[in-house]
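Protein chains in written order, with the working numbering: chain A, 1199 to 1525; chain B, 1199 to 1525. Note that CB positions come from ideal geometry on N, CA and C, so glycine has one too.
Number of protein chains: 2
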Amino acid sequence: MVTSRDVADAAGVSQATVSRVLNDPATVSEPTRARVLRAVEALGYHRNRAAATMKTSRAHSVGVIVAELANPFYVEVLESLSAAFSARGQRVTIWDSSHQAEAAVQAIREGTVDGVVMAAWREDSAAMRAALDSQRPVVMLNRLPAGEGFDSVTSENRAGGALVAGHFARHGLRRTVLVAGPEGVSTADERREGFLSGLRDRGLPAPVVLEGGFSYERADVQMRRHIERHGPPEGVFCANDLMAVAVLGALRGAGAAVPADTWVVGFDDVSCAAWPVVDLTTVSQRGREMARAGAEMLMDRIEGRAGPWRHRVFEAELVLRGTTGGQ
Amino acid sequence: MVTSRDVADAAGVSQATVSRVLNDPATVSEPTRARVLRAVEALGYHRNRAAATMKTSRAHSVGVIVAELANPFYVEVLESLSAAFSARGQRVTIWDSSHQAEAAVQAIREGTVDGVVMAAWREDSAAMRAALDSQRPVVMLNRLPAGEGFDSVTSENRAGGALVAGHFARHGLRRTVLVAGPEGVSTADERREGFLSGLRDRGLPAPVVLEGGFSYERADVQMRRHIERHGPPEGVFCANDLMAVAVLGALRGAGAAVPADTWVVGFDDVSCAAWPVVDLTTVSQRGREMARAGAEMLMDRIEGRAGPWRHRVFEAELVLRGTTGGQ
């Protein structure tokens, strides 16, 4: 697909000029305007519908849909989004997906926000699907629904899960537990798949899978119950850091030493994972950078600078700290 | 001062009916209307100005001004506010006081929000003072500026600081450190005063005061520097839990055992203070309950049910965990 950058290159002008010719032609000199319009025609460039709709009325306000503020990962994402948008002069409205999905959809439809970053997604939520189908600029952050019609920023969840499997395998851990996130949530599903297939590929036994629902309390209960029945495992991979902290507490309560008896790995690398009292080995997904990238993508889309839908994927990296041995 | 409840009692109707008579009289039958208006006159009832202004145009939207999302206390407050407001059908706009105080004031002035909860306050911020002077309903949460014209929910910060001094005194700790919050912030000032006067009243030496600025990084640096020069103290009181976690890390890095060598106490009782890996003794200020009370106060004010300004103060309580000995 032809983008406004292609048009800008062909006409020898900036993308901003192309945007001005299409949205506010009076501000561009006649020769430049003609050159840009010739390039538009020659290349067969079509602005995407959402961007075109947007230019007519700007609210200078954006929305962010989050879930799970109990999870520090989303708090860090929210903080970075809020700073990035306000640096661009945007008001930010925040909705909690569990109570306010309908309010968000209404604001999107009524145009009281120019666009939305969705850092939450459930396949079974009609309100969220409606937000996505609204033809307003949407950036999906960390969650990737099926279909198209949005930009996205995600990280390599599958590869991250596989990294943990590789680390356990290299150090001969065979009796492992996965404290998984909720089924049907893309990040949870991908981390689970990456870990399971990583173990399988290396000929290791499948882990015991505990459903932790991304919740501290749930992971705590599940892990205690598992230890009571089966004793502490050799390695535990938790699909987020919050659950990993709960698992550390459950192991401590049972008198299991970390990492001497049991290795524990999280996912996210939130600030408290690096606290010396936590010192958690984890898969880093650089939430703050992802948030900044997402804010930039949304502003590009709102201001008509974006071309085809963009999907940016951040690399996953295993950060080794005190809850595992090995290198 | 006479409240709408007094009028309702005198007229033998509900408060909602009083409100309808004053705001939308056509919806009330003539005999009831007359009875209510007689009671209004007999009792000399005046609606407060802010509430009266409000009733004319409702945005069904409220604002929350927060600072320091790096501090989990404010995240928990925000979560509870968001749940409470959305349960009442309100949209919630969140502003970060460090970037967006001006945007908040503009929204308040333009009436795009019906009222505001301010969980941040700086005496030197003209924008914040303007928000307070806007005649719109404002609830101050946890921070208490000078002057009047608002409802507030705070906790006993001074008494909380004194509780910690008492605990240290009872167990004979003499060489103590206070990791203080920023001067000019009411919560920080009050906790400092409570701790200092608590030690003084018991004839104990004054603590070394380190300026931690309510920040993890700052508290970490200050505590490391202090230990290098003076060795680990017997007791450390930190003006919030986030700084206490940093202090635990700094002590661990220096090889000091907690609580064998040094006792550490925080303030807030955020969820992670109770994590077994943190297990922090702290002054609880029940942020979630404070937030719910604040949301209720704001809705009362917006919907014209509130009388004189209300100032609700939550009790402080010392929660003993593993970072101190004693009872």
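Straight-line measurement puts the Cα of A:G1242 at about 14 Å from the Cα of A:D1207. In its chain, beyond the 5 residues on either side, V1216, V1234, A1237, V1238, L1241, Y1243 have a beta carbon closer than 7 Å to the beta carbon of A:V1205.
In the structure shown, B:H1258 adopts coil according to DSSP, grouped into three states. Per DSSP, reduced to three states, the secondary structure at B:S1227 is coil, with no helix or strand assignment. The alpha-carbon separation between A:I1292 and A:E1487 amounts to approximately 19 Å.
By DSSP's assignment, B:A1378 forms a beta bridge with B:E1409. DSSP, read as helix, strand or coil, puts A:G1523 in coil. Counting only the Cα atoms, A:S1332 lies some 35 Å from A:V1377. Residue nearest to B:M1495 within the set B:V1517, B:V1462, B:V1511, B:V1481 is B:V1511 (criterion: CA-CA distance). Contacts with chain A at 8 Å (Cβ-Cβ) do not include B:G1411. By the neighbour-count definition (other C-beta atoms within 10 Å, threshold 16), A:D1498 is a buried residue.
Taking a Cβ-Cβ threshold of 7 Å, none of the residues of chain B is close to A:E1321; the smallest such distance is about 22 Å. At a cut-off of 8 Å between C-beta atoms, B:C1436 does not count as an interface residue with respect to chain A. Neighbourhood of B:G1451 in chain A, by CB distance below 9 Å: P1474, in chain order. Per DSSP, reduced to three states, the secondary structure at A:S1296 is helical. By the C-beta criterion, the stretch 1462 to 1473 of chain B is judged not to be in contact with the stretch 1419 to 1431 of chain B, since fewer than 3 inter-stretch pairs fall below 8 Å.
Counting along the chain, the unbroken beta strand (DSSP E) around A:H1509 starts and ends at 1509 to 1512.
Non-local C-beta neighbours of B:S1295 in its own chain, meaning closer than 6 Å and more than five positions away in sequence, comprise I1263, A1265, A1318, ordered along the chain. In the structure shown, B:L1440 falls within a helical segment according to DSSP collapsed to helix, strand and coil. Identification of residues in the stretch 1287 to 1299 of chain A having a C-beta nearer than 9 Å to some C-beta of chain B yields G1287, Q1288, R1289, V1290, T1291, I1292, W1293, D1294, S1296, H1297, Q1298, given in sequence order. By the Cβ test, the stretch 1442 to 1451 of chain A is in contact with the stretch 1403 to 1420 of chain A, since at least three Cβ pairs between them sit closer than 8 Å. Restricted to the stretch 1305 to 1385 of chain A, the alpha helix (DSSP H) segments that are unbroken, complete and at least 4 residues in length are 1324 to 1330, 1355 to 1368, listed in chain order. Between B:T1374 and B:P1431 the beta-carbon gap is near 6 Å, inside 8 Å, which marks them as a contact. Against chain B, a Cβ distance below 9 Å from A:L1267 picks out V1273, E1274, L1276, E1277, S1280.
Around the Cβ of A:R1398, a 10 Å sphere holds fewer than 16 other Cβ atoms; the residue is exposed. Here the C-alpha atom of A:P1457 lies approximately 20 Å from the C-alpha atom of A:L1402.
With a 10 Å radius around the Cβ and a threshold of 16 neighbouring Cβ atoms, B:T1225 comes out exposed. Close partners of B:V1443 in chain A (Cβ separation under 8 Å): C1470, W1473, V1475. Look at A:D1459 here: in three-state DSSP terms it is coil, with no helix or strand label. When A:A1285, A:A1493, A:V1200, A:A1437 are compared, the shortest CA-CA separation from A:L1394 is found for A:A1437. Residue contact check for A:G1379 against chain B: no CB pair falls below 8 Å. Assigned with DSSP and collapsed to three states, B:G1447 falls in helix. Under the Cβ distance rule, B:G1392 does not count among the residues neighbouring chain A, no pair being separated by less than 8 Å. Going by C-alpha positions, A:R1203 is about 11 Å away from A:G1502. Contact annotation: B:G1370 and B:G1396 have beta-carbon atoms that are not nearer than 8 Å. Shown here for A:D1477: same chain residues with a beta carbon closer than 7 Å to its own, the five before and five after excluded, namely R1519, G1520, T1521 in chain order.
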